[in-house]
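>
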Amino acid sequence: MEILVLLQLLQVFMFPFNLQFTVKYCNIKTRIAFISVGRGPHQLVASALPLITKIGGQAATVCTIHLAASMRHAFLFVKRYHEEKIKKLEESLTSAEMNHWKQEKDRILSRR
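Residues -20 to -1, 1 to 92 (mature numbering (1 follows the signal peptide of the UniProt record, and there is no 0)) are what the sequence shown spells out, left to right.
#1: I need the straight-line Cα distance from residue 21 to residue 72, nearest angstrom please.
#2: Cβ atoms of residue 17 and residue 29: under 7 Å apart, would you say?
#3: Suppose contacts are defined by Cβ-Cβ distances below 7 Å. Is residue 34 in contact with residue 26 by that definition?
#4: From what residue to what residue does the beta strand (DSSP E) around residue 13 run?
#5: What number of angstroms, rounded off, separates the C-alpha of residue 83 from the C-alpha of residue 89?
#6: Leaving aside the five residues before and after residue 81 along the sequence, list all residues of the same chain whose C-beta is less than 8 Å from its C-beta, in chain order.
#7: If you draw a straight line from the C-alpha of residue 66 to the C-alpha of residue 31, how long is it?
#8: In whole angstroms, what separates the C-alpha of residue 68 from that of residue 5?
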């Protein structure tokens, strides 16, 4: 289902309750988006998100990784989520890859 069609359907269902949802944050590089919605209809939106198969005409898979009460808590979760993913990635690297990874990491961190 195209995302625009899904958004229109959700708005039709949510309109009688005068409820809205908005995209608060979207990062194309990390493929993470934060959607803000009221407390009641969050279940409706969460159950509809996996039905999205296309975004902007391109194939897409939408997964909910966390439901947060605030943007602050959402960013903290994403930070921990990425740290865990990096840790798993580092564990699977060979020694040569690990040396290269450490050099790149040091180079990037030294720029700050």
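Built from N, CA and C at the ideal position, the CB exists for glycine as well.
Quick answer:
#1: Looking at the two C-alpha atoms, the distance is approximately 40 Å.
#2: Taking 7 Å as the cut-off, the beta carbon of residue 29 is found no closer than this to the beta carbon of residue 17.
#3: no
#4: 12 to 17
#5: 10 Å
#6: 70 and 73
#7: 29 Å
#8: 26 Å
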